[in-house]
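**Q** Residue numbering for the sequence shown follows the working numbering, beginning at 20 and increasing consecutively.
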Amino acid sequence: MNESKTPLAVATFLALASLVCGLAIMLIPDLSLSLVKTWTHGIDYSTIWNPTVTFADIIVGVISAFIASYIATLVFVKIYKAIAK
Numbered sequence: 020m021n022e023s024k025t026p027l028a029v030a031t032f033l034a035l036a037s038l039v040c041g042l043a044i045m046l047i048p049d050l051s052l053s054l055v056k057t058w059t060h061g062i063d064y065s066t067i068w069n070p071t072v073t074f075a076d077i078i079v080g081v082i083s084a085f086i087a088s089y090i091a092t093l094v095f096v097k098i099y100k101a102i103a104k
């Protein structure tokens, strides 16, 4: 695993996923809720669901997802390389 490319790839993927998710909640909130409910059987999200998302919220989410996943993946790669020696 490459210490610069792997974290960048994972962070880019998760930032894009965050962007798609945020836009989906903003543009099609009912469908988004229905989809999430199929992934977590038995949890009723309708009591906590608040589809009021601003574009600023989405941007902050994308940036924070990128940073957090980059750091987490970088740590993972370093641990993996240390163990794999």
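From the three backbone atoms N, C-alpha and C, an ideal C-beta is built for every residue, glycine too.
Please list the segments of the beta strand (DSSP E) lying wholly inside the stretch 21-87, counting only runs of 3 or more residues, in order along the chain.
**A** List check, beta strand (DSSP E) in window: nothing returned.
**Q** Express the C-alpha separation of Ile102 and Ser22 in angstroms, rounding to a whole number.
**A** Within the sequence shown, residue 22 is the residue found at index 3, counting from 1. Within the sequence shown, residue 102 is the residue found at index 83, counting from 1. For the record, residue 22 in the displayed sequence is Glu; it is not Ser. Approximately 14 Å, taken between the alpha carbons.
**Q** Give me the residue from Ile98, Leu38, Leu52 with the minimum Cα distance to Ile67.
**A** In the sequence shown, the residue the question calls residue 67 occupies position 48. Nearest C-alpha to Ile67: Leu52.
**Q** Can you say whether Pro26 is buried or exposed, counting buried as having 16 or more other CB atoms within 10 angstroms of its CB?
**A** As a first step, residue 26 must be located in the sequence shown, where it is residue number 7. Pro26 should be labelled buried.
**Q** Under three-state DSSP, which class holds Lys104?
**A** By one-based count along the sequence shown, residue 104 stands at place 85. Three-state DSSP puts Lys104 in coil, outside helix and strand.
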